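Student: Pasting in a structure now, in structure tokens, and then I'll have a few things to ask.
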Amino acid sequence: MPTHNADIAAVFEEIADRLEIQGANPFRIRAYRNAARTLGELPQEARALLEKGDDLTRLPGIGDDLAAKIHEIVTTGYCSLLERLRRELPPAVTELLQIPGLGPKRVKALYHDLDVQTVEQLYRAGRDGRIRALPGFGEKTELNILQAVEAHASQTRRFKLAVAAQYADALTAFLQVVPGVEQVTVAGSFRRMRETVGDLDILVTAAADSPVMQRFTAYDEVVDVLSAGPTRASVMLKSGLQVDLRVVEAASYGAALCYFTGSKAHNIAIRRIAQQQGLKINEYGVFRGTGRIAGEDEASVYRSVGLPFIPPELRENRGEIEAAHSGRLPNLVVFADLRGDLHAHTRATDGHDSLREMALAARARGLEYLAITEHSRHLTVAHGLDPLRLIRQCEEIDRLNTELDGLTLLKGIEVDILEDGSLDLPDEVLGRLDLVVGAVHSQFHLSRAKQTARILRAMDHPHFTMLAHPSGRLIDRREPYDVDMLRIIRHANNRGCFLELNAHPDRMDLLDSHCQIAREEGVLISINSDAHSTFDFAHLEYGVGQARRGWLEKNDVLNTRPLAALRRLLKRTM
Ligand code: DGT
Ligand code: CA
Ligand code: CA
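In short: position in the sequence shown from 1, add 682, done, that's this note's numbering.
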């Protein structure tokens, strides 16, 4: 990861938190907090200052020791003191600090006296009445903590789709082989491919005597059974992910699947249509009076209200019902439509694998072309390429292309868009490439006007092909930067350039709503893995999910084009 001031500040904040929980010297703690603030407010990247050879001890509150730590973080990407502190206290302890009302002192007491290390353990300690007994806590504090944990859980504990998928896949495989179990489907936001999910909603059809409920609650990752009955149960997994299970009869399966796939807003809109037609829809079926007229599969439910099947990714009540009604539902892109990937890294910069290994892995995924787009020199933590190294890589790509069968490597770069909107490499180098992916990796806090102007100016560059991860957000870690996305999309259209849908699980960027706008404005989207290793091509599946949530059809996606057609489109911008 590129090390920005905010990253260094976060390291210092965590060090301060941990020192405070450990009861360290208050002056030492304050020094780290001050340093974090200094870095947070610094207009220039500390990294850039170091490169220029500036002396960081000139900065307020930064002495020799802190300057050395900044240097260590910038050059190695990690901080040995923090690593040591993390070994001394369990990693989740600082998560307790996120609960309103819990400062380091209280966290320290909870950890030392009750061995509370996680938010789940905190909740259990409170529910068991163990917190009130601690000196300085009391009954009222305990109640406040419980309420704060509940509020915290309901708003923030969401899991990235790719992470939730690991738990969902394992649990599905586990349930699938329980005697008597027929179908197992993960419904809810997971099935709608939302970028994050609050919990998993699993639906099962099973024979009446199937032990599926007992097996589910005894699953070895379950730490807490929140509720359990004959047809429904909720559990908490070790990871903090909640799972709801429903067992339904085969005749209701489609109706239950509709209901538990949601979204709630979509369900409500469908139910209203049914009511107008004198029908009643619930999780058991579609009823006219007391007679069930549909519900065994989802298509029958939609058919009963005069609609075609609506793909789960569209079920957000964002126009899909109107589109279904008038026969204008998009024919959504599928993974098999992808012919290539236009954003990947190798060992030459911050990737893990060689050019050849990446090429072979992409081919194994069924891709016909792969663009290598390393970072440019401005991104020093990623060992970004200067012109010379880039040209050498191009030569290596040419060589490999002559011996590779079934896959063509394209020559690209993920070039930094500098603060003034210029690109980080000279024109004559960019002009030799097949594509130029421009990316914002610094100065996230510019004003909306400045940030937008910066990106528009970059797009005006004669060699600019595609805007990488257009919003810049990192899920759970960094908000999108403030830009006028509609102007950027329209500018892309005027310039004939493209937007990326970066499928990295932390990014999922372009956002689904912006995909929808891009499609309406006629701007093609490239679904890219941003692979840093051969495994990362797996990201593409989630990228396709996000594209589907954004209503994209095969034709709206740049990298569904065969290579020759792609080359023609890329030329338009070069
Ligand atoms: P999440 O878990 O926050 O990521 O989002 P969902 O959509 O998975 O929501 P969840 O787990 O609370 O509920 C699963 C589905 O159940 C939801 O998508 C629609 C359905 N559902 C839940 N509560 C209601 C409700 O009050 N009315 C209706 N019509 N459907 C509901
Ligand atoms: Ca859910
Ligand atoms: Ca749920």
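Each residue gets a CB set at the ideal place from its N, CA and C atoms; glycine is no exception.
Just so it is clear, the structure is predicted and the values come from calculations on it, not from any experiment.
Exposed or buried, residue 737, counting other C-beta atoms within 10 Å across all chains shown (16 or more means buried)?
Tutor: Classification for residue 737: exposed.
Student: Here's a check: name, in chain order, each residue in its chain whose Cβ is nearer than 6 Å to the Cβ of residue 1019, leaving out the five neighbours to either side.
Tutor: Correct list, in chain order: 1236, 1242.
Student: Could you please give the first and the last residue of the uninterrupted alpha helix (DSSP H) stretch that includes residue 982?
Tutor: Where residue 982 is concerned, the enclosing alpha helix (DSSP H) stretches over 980-986.
Student: Is the CB-CB distance between residue 1024 and residue 1044 below 8 Å?
Tutor: Contact flag unset, no.
Student: Check whether the stretch 714-727 touches the stretch 688-695, counting contact only when three or more Cβ pairs, one atom from each stretch, lie closer than 8 Å.
Tutor: Segments in contact, yes.
Student: If you run the structure through DSSP and keep just helix, strand and coil, what is residue 1166?
Tutor: Note: residue 1166 maps to coil in three-state DSSP.
Student: Between residue 893 and the rest of its own chain, which residues show a CB-CB distance below 7 Å, the 5 nearest in sequence each way excluded?
Tutor: These residues qualify, in order along the chain: 860, 861.
Student: Along the chain, where does the alpha helix (DSSP H) containing residue 954 start, and where does it finish?
Tutor: It spans 946-958 - the alpha helix (DSSP H) in which residue 954 sits, taken as one unbroken run.
Student: For residue 814, which of helix, strand or coil comes out of DSSP?
Tutor: DSSP places residue 814 in coil when its eight states are reduced to three.
Student: Which residue or residues does DSSP assign as beta-bridge partners of residue 1097?
Tutor: The partner list for residue 1097 (beta bridge, DSSP) reads 1120.
Student: In three-state DSSP terms, what is residue 1155?
Tutor: It is coil, neither helix nor strand.
Student: Can you list, in chain order, the residues of its chain with a C-beta nearer than 8 Å to that of residue 1227? Leave out the 5 residues immediately preceding and following it.
Tutor: Excluding positions up to five away in sequence, the list reads 843, 875, 995.
Student: Check for me: the beta strand (DSSP E) holding residue 1184 runs from which residue to which?
Tutor: First-last of the beta strand (DSSP E) with residue 1184: 1180-1184.
Student: Measure from the alpha carbon of residue 763 to the alpha carbon of each residue in 747, 775, 777, then state which is nearest.
Tutor: Checking every option, the nearest Cα to that of residue 763 belongs to 747.
Student: Determine the DSSP secondary structure at residue 962, reduced to helix, strand or coil.
Tutor: DSSP places residue 962 in strand when its eight states are reduced to three.
Student: Give a yes or no on contact between the stretch 1121-1141 and the stretch 845-856, applying the rule of three or more CB pairs nearer than 8 Å.
Tutor: With the cut-off at 8 Å, the stretch 1121-1141 and the stretch 845-856 do not touch.
Student: Let me make sure I understand the geometry here. Which of 823, 991, 1212 has the alpha-carbon closest to that of residue 1027?
Tutor: The residue with the shortest Cα to Cα distance from residue 1027 is 1212.
Student: By the three-class DSSP mapping on this structure, what secondary structure does residue 1052 have?
Tutor: In this structure, residue 1052 counts as strand in the three-state DSSP scheme.
Student: In this structure, what does DSSP give as the bridge partners for residue 1013?
Tutor: BP columns for residue 1013 are empty, so no partner.
Student: Per DSSP, which residues does residue 1083 bridge with? Please list them.
Tutor: Residue 1083 is not bridged to any residue.
Student: Using only the heavy atoms of ligand 2, determine whether one of them is closer than 7 Å to the beta carbon of residue 816.
Tutor: Answer for residue 816: no, Cβ out of range of ligand 2.
Student: For residue 955, I'd like the list of residues in its chain whose CB is within less than 7 Å of its CB, leaving aside the five on either flank, ordered along the chain.
Tutor: 987, listed in sequence order.
Student: Given a cut-off of 8 Å on the beta-carbon distance, is the pair residue 981 and residue 969 in contact?
Tutor: Going by C-beta atoms, residue 981 is not nearer than 8 Å to residue 969.
Student: With a floor of 4 residues, list each alpha helix (DSSP H) that falls wholly inside the stretch 703-775, ordered by position along the chain.
Tutor: Correct list: 708-723, 728-733, 746-758, 762-770.
Student: Just verifying my parser: in three-state terms, what is the DSSP assignment at residue 840?
Tutor: Of the three classes helix, strand and coil, the one that applies to residue 840 here is coil, per DSSP.
Student: Around the Cβ of residue 757, are there at least 16 other Cβ atoms within 10 angstroms (buried) or fewer (exposed)?
Tutor: Residue 757 should be labelled exposed.
Student: Please list the terminal residues of the continuous beta strand (DSSP E) segment that includes residue 867.
Tutor: Where residue 867 is concerned, the enclosing beta strand (DSSP E) stretches over 863-868.
Student: In whole angstroms, give me the CA-to-CA distance for residue 1088 and residue 924.
Tutor: Rounded to the nearest angstrom, the two C-alpha atoms are 44 Å apart.
Student: Keeping to the same chain, check which residues put their C-beta closer than 7 Å to that of residue 776; ignore five residues upstream and five downstream.
Tutor: Excluding residues within five positions, the ones whose Cβ falls inside 7 Å are 696, 699, 700.
Student: If you measure from the CB of residue 925, is any heavy atom of ligand 2 nearer than 7 Å?
Tutor: Because no heavy atom of ligand 2 lies under 7 Å away, the Cβ of residue 925 does not count as near it: no.
Student: Just mark residue 1210 as buried or exposed, buried being the case when its beta carbon has 16 or more other beta carbons within 10 Å.
Tutor: Flag for residue 1210 reads buried.
Student: By Cβ distance, which residues of its chain are closer than 7 Å to residue 1069, with the 5 residues on each side in sequence left out?
Tutor: Counting only Cβ-Cβ distances below 7 Å, and skipping sequence neighbours, we find 1107, 1108, 1111.
Student: Just to confirm, is the Cβ distance from residue 1031 to residue 1057 under 8 Å?
Tutor: In contact: residue 1031 and residue 1057 (Cβ atoms closer than 8 Å).
Student: Use the C-beta contact count for residue 950: other C-beta atoms within 10 angstroms, 16 or more gives buried, fewer gives exposed.
Tutor: Burial call: exposed.
Student: Could you check what DSSP says for residue 1147 in three-state terms: helix, strand or coil?
Tutor: Coil.
Student: Which whole-angstrom value describes the C-beta separation of residue 804 and residue 778, a residue pair presumed to lie in contact below a C-beta threshold of 8 Å?
Tutor: The pair is a contact, with the Cβ atoms about 6 Å apart (cut-off 8 Å).
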